[in-house]
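S.K.: These protein sequence lines are chains H and A, in that order. Following the working numbering, the numbering of the first sequence begins with 548 at its first residue and continues without gaps. Following the working numbering, the numbering of the second sequence begins with 164 at its first residue and continues without gaps. This structure is in structure tokens; I'll ask about it shortly.
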Amino acid sequence: MTATESPDDVSPNAPPTIQALEVTVTAPLVSVRNPLYAGVQVALPCPPPSTVAGMLAAAAGGWGAVSLETRFAMAFHARGVGVDLETYHPLDASGKKADPTPRERGFLTGATLTVWLTDEIGSWERRLRRPVWPLRLGRSQDLVRVTTRRVSLRPGPGRQGSALLPEGIAPVLAGTLPAGTLLRLPTAISPDRQRTRWDGYHFDASGRSDLLIGAEWSDEQGRAVVPLPPVHPARLPAVV
Amino acid sequence: MSHVGHDEGKRPVLTAHPLQRVGAYALAFLGGAHTPEHLVPSAFDDAVGVLTDDAVRAALVRDTKHDQGFWLKASMSFFPNSKMNHPSNAKKDKEEIRTTVRSWRTCPEPGAWPEAACVLCGRAAVGFYGKKDVPLAESDVYRNTTPRGHQGLALCWPCLCCFYALPYGCRLTGGPSIALHSWDERFMARTVSRRVERSRQFIALGTADPRGGSDRETIALRALRDHDDRLTAGVELLVFSNNNRGQTLEIQSMDQPLAEWLRLSARLPARRRGFRALLRAHARPDRPGIVGLARNAFRSTELIAGACARYLTRHLDRGVIRSDSADLAELCFSLVIEVMRMNLNEIDEIRAAGGQVAAWLTAENSAGKLREFNATLKEPKRMRHWLMRRNLDALLDSRISTEGPLITEEQFRLLFDPEVEQAWFHRQLLVVSVVQRLHEQGFRPADRAEIAAELAAEEQDQPEDLVFASDEKES
């Protein structure tokens, strides 16, 4: 992650900070399906990086408008979980009309997603103010609310809280693991959906972990800001 | 397509799909390897041969209600309407069934492979597959979830065989199957290999496990406590069915700290003693403690701590401190520290307050005073008032040997400040601490022996808990 250095008028003893765009996405209802189980609608406890990346690409007008180097850090918290019945409409390959089927689908309520971008801040600020495509998180019928603000990130560890952390990143306290669950989530999906990059991530759905994470950056509230792997589909190898 | 060597094309690769991973370990074990990466090509072929032979044998039974029809019946929850269990098999002769099942389990010729990469590992796919071959996949006649032009999931031969081997890594019930999954590879190797041994027996015999469908969470708990190495990841319990009547999947997750704490509770001598009490704390007249504990472990850690507190305080109204109180209290505090990651300073403060209260109660040596204190647990106002009042009494009473005030300002804040989110839990911990210290100090009110005898008669360990505690190595 390249950084825009802070202005020179700060104290010479203060650690260097970088400017970042903090994007806050809120939605009363979010549903992010686990793509591994097509026959059942199991929900993930947080949006995978590929979903967040897709939302950013929607704001920009498609992946063609997004830099190959795009990376971001993210945190997510939902106030509750639930299960609903949705009508599933099978798309029959033979062209026959298939009967709609009710299926259970998990959802998250009172969701807040925080995304930190440190590159092309001005550009992302404009894109998110006037997105090209509607912004959603997993359910086509629910739009999200997006706000942005510029913040300073300082180098050094931060509190885990509700951060999504790449597998391998460790708390400052030696011998411990980040709180919560280890998940395998899609990082990038090719536009034709034939290839997916999967990575391991730690996520604590409670958001209560005070563990100090050996992060590259932390925000003004001491939250860990950890850049995730690159998300641009064009970076996926043609064949693994 | 990737050009992989012949050997690499026959080696299962661990992917992000939990069911594929369970199958990969099962396949490895069937081939005599400890992990998928150690499975050599010839052993891979041998393992696939075992899968095919078992499938043929089950298909020839034809009737799921036959004495040896268990594997045929169970297969419908994995590969419904496949060549193995197709309704038309009833009218086919043996040779025809053998041929069709073997054909189903044979790698397609390279000329028939589609121009697609395996969706799980990226190697060359040998075909497109749906729910007949891959549990919980979409039916191959639907196009909702597959890429444009794909007639189902694109899978390579090893990944497909992992799904064929999946049942061997599961607890088979004939209905929904139970699989344990973790990102801890050593745990996977160990638990899946044990499960494969048992499943092979039942598949070969064609009969069901005589132990029936043991409580699903208990299976996970037993596997955790049998594991020798430190767990590096949590554990997922997957209960699923691919049956034609409806695919179902239920996932329950246990985080690494709790999984490791449960494992250690079988390893450290002091915790083993406390574990017996932990089972008692979760027992109900109609349910063994092991079932209650296992369920709480997957639902919420706080429920385990709550059960401990309730058990320790259950007979305080009669002035009785149980003989297993100290062991259980210590186990409870280890849970609070290692799993719930409660602030150590706060725990020290609460334990200090518990020590002071216990010293005051010991000096009083009255079952009535203990009952009085216990009754305040349900009402924070009463407990606050009780502590404030005794705080003053302790200062004025020369018989009481407490050092300093009964409760300090910081302790009071932890227990009663509305701003403290976990204050209710802190109050439970206070009582746990008081009981622990009373036990250590030999608190013995006059009527103790009589009441303890009554309790012993009332409460017997559940037979299933006794078996679990004494026979944990059985898988």
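A virtual CB, placed ideally from N, CA and C, is assigned to each residue, including glycine. Quick caveat: nothing in here was measured; it's all calculated off a predicted structure.
Given that a residue counts as buried once 16 or more other Cβ atoms are within 10 Å of its Cβ, and exposed if not, what is H:S597?
M.R.: Classification for H:S597: buried.
S.K.: Any beta carbon of chain A sitting closer than 7 angstroms to that of H:R580?
M.R.: No, H:R580 lies away from the interface with chain A (no Cβ there is under 7 angstroms from its Cβ).
S.K.: Which class does A:V398 belong to by DSSP, given the choice of helix, strand or coil?
M.R.: Strand at A:V398.
S.K.: Check each candidate in A:G409, A:R600 and A:F438 and name the one with the smallest Cα separation from H:P649.
M.R.: Measuring from the Cα of H:P649, the nearest candidate turns out to be A:G409.
S.K.: Please list the partners that A:G332 has in chain H, where partner means a Cβ-to-Cβ separation under 7 angstroms.
M.R.: The contacting residues do not exist; A:G332 stays about 17 angstroms from chain H at best.
S.K.: Spell out the partners DSSP gives A:A280 in its beta bridges.
M.R.: Answer is A:A287.
S.K.: What span of residues does the beta strand (DSSP E) with H:W663 cover, start to end?
M.R.: Residues T648 to L664.
S.K.: Anyone know if the C-beta pair for H:V691 and H:V570 falls short of 7 angstroms?
M.R.: Their beta carbons are not under 7 angstroms apart, which means H:V691 does not touch H:V570 by this criterion.
S.K.: May I ask you to report which of helix, strand or coil DSSP gives H:M621?
M.R.: Looking at H:M621 - three-state DSSP - the assignment turns out to be strand.
S.K.: Which word fits A:E200, buried or exposed, when buried means at least 16 other C-beta atoms lie within 10 angstroms of its C-beta?
M.R.: Exposed, by the Cβ-count rule.
S.K.: Within 7 angstroms (strictly less), CB to CB, does H:A640 reach chain A?
M.R.: For H:A640, the answer is yes, since a Cβ of chain A falls inside 7 angstroms of its Cβ.
S.K.: Who are the Cβ neighbours of A:P330 in its own chain at under 6 angstroms, not counting the five residues just before and after it?
M.R.: Closer than 6 angstroms at the Cβ level, and outside the excluded window around A:P330, lie F241.
S.K.: If we ignore side chains and look at the alpha-carbon of each, how far apart do A:A516 and A:I570 end up?
M.R.: Looking at the two C-alpha atoms, the distance is approximately 6 angstroms.
S.K.: What residue does the alpha helix (DSSP H) around A:Q183 start on, and which one ends it?
M.R.: Unbroken alpha helix (DSSP H) run through A:Q183: P181 to L193.
S.K.: Is the segment 251 to 263 of chain A touching the segment 775 to 782 of chain H, taking contact as three or more C-beta pairs under 8 angstroms?
M.R.: With the cut-off at 8 angstroms, the segment 251 to 263 of chain A and the segment 775 to 782 of chain H do not touch.
S.K.: Using a Cβ-Cβ cut-off of 6 angstroms (strictly less than) and excluding sequence neighbours within five positions of A:M164, which residues of its own chain qualify?
M.R.: Below a pLDDT of 50, predicted positions are generally treated as unreliable, and A:M164, at 46, falls in that range; the measurement from the model is reported next regardless. Closer than 6 angstroms at Cβ, skipping near neighbours: A287.
S.K.: So that I know if they touch, is there some Cβ in chain A lying closer than 7 angstroms to that of H:G586?
M.R.: Answer yes: the Cβ-Cβ gap between H:G586 and chain A drops below 7 angstroms somewhere.
S.K.: At 3 residues or longer, and completely inside the segment 314 to 340 of chain A: list those beta strand (DSSP E) runs for me, N to C.
M.R.: If we require 3 residues or more, the beta strand (DSSP E) runs fully inside the segment 314 to 340 of chain A come out as 316 to 318.
S.K.: Could you please tell me which residues of the segment 393 to 407 of chain A, in chain order, have their CB closer than 9 angstroms to any CB of chain H?
M.R.: Cβ contacts with chain H: T395, A396, G397, E399, F403 and N405.
S.K.: Thinking C-beta only, is A:C319 closer than 7 angstroms to A:C270?
M.R.: No, the Cβ-Cβ distance between A:C270 and A:C319 is not below 7 angstroms.
S.K.: When you compare the CB positions of A:R600 and A:A521, do they come within less than 7 angstroms of one another, or not?
M.R.: For A:R600 and A:A521, yes; Cβs fall inside 7 angstroms.
S.K.: Could you work out which residue in A:A367, A:R553, A:F438 and A:R547 is closest to A:P581 when comparing CA atoms only?
M.R.: The shortest C-alpha separation from A:P581 is found at A:R547.
S.K.: Quick check on the DSSP output: what are the complete alpha helix (DSSP H) runs of length 4 or more inside the segment 560 to 603 of chain H, in order along the chain?
M.R.: With a minimum length of 4 residues, no continuous alpha helix (DSSP H) run stays inside the segment 560 to 603 of chain H.
S.K.: Does chain A have any CB closer than 7 angstroms to the CB of H:T665?
M.R.: Chain A contact via Cβ: absent.
S.K.: Between which two residues does the alpha helix (DSSP H) carrying A:I414 extend?
M.R.: Where A:I414 is concerned, there is no enclosing alpha helix (DSSP H), although the beta strand (DSSP E) it sits in stretches over T411 to M417.
S.K.: Can you look up A:S240 in the DSSP assignment and give me helix, strand or coil?
M.R.: Three-state DSSP puts A:S240 in coil, outside helix and strand.
S.K.: When the Cα atoms are used, what is the spatial distance from H:L591 to H:G653?
M.R.: About 8 angstroms.
S.K.: Would you report the Cα separation of A:P114 and A:F579, rounded to the nearest angstrom?
M.R.: What the structure shows of chain A is the stretch from 164 to 638, and residue 114 of chain A is not part of that stretch, so it cannot be assessed.
S.K.: The alpha helix (DSSP H) spanning H:T723 covers which residue range?
M.R.: Per DSSP, H:T723 belongs to no alpha helix (DSSP H) and is neither H nor E.
S.K.: Three-state secondary structure (DSSP) at H:W680?
M.R.: If DSSP states are grouped into helix, strand and coil, H:W680 belongs with coil.
S.K.: 7 angstroms is my cut-off, CB to CB: does A:H180 come that close to chain H?
M.R.: Cβ-Cβ to chain H under 7 angstroms: yes for A:H180.
S.K.: Name the residue from A:F461, A:V597, A:L475 and A:R458 whose alpha carbon lies nearest to the alpha carbon of A:R514.
M.R.: Of the listed residues, the one whose Cα sits closest to A:R514 is A:V597.
S.K.: Starting from A:R545, follow the alpha helix (DSSP H) in both directions and report where the run begins and ends.
M.R.: Looking at the DSSP string, the run of the alpha helix (DSSP H) that includes A:R545 is P543 to L559.
S.K.: What residues from chain A crowd round H:P681, counting only those whose CB sits closer than 7 angstroms?
M.R.: Chain A residues near H:P681: none, gap ~21 angstroms exceeds 7 angstroms.
S.K.: Give me the Cα-Cα distance between H:R742 and A:Q314, rounded to the nearest whole angstrom.
M.R.: So the two alpha carbons sit approximately 16 angstroms from each other.
S.K.: 7 angstroms is my cut-off, CB to CB: does A:S205 come that close to chain H?
M.R.: No, no contact with chain H.
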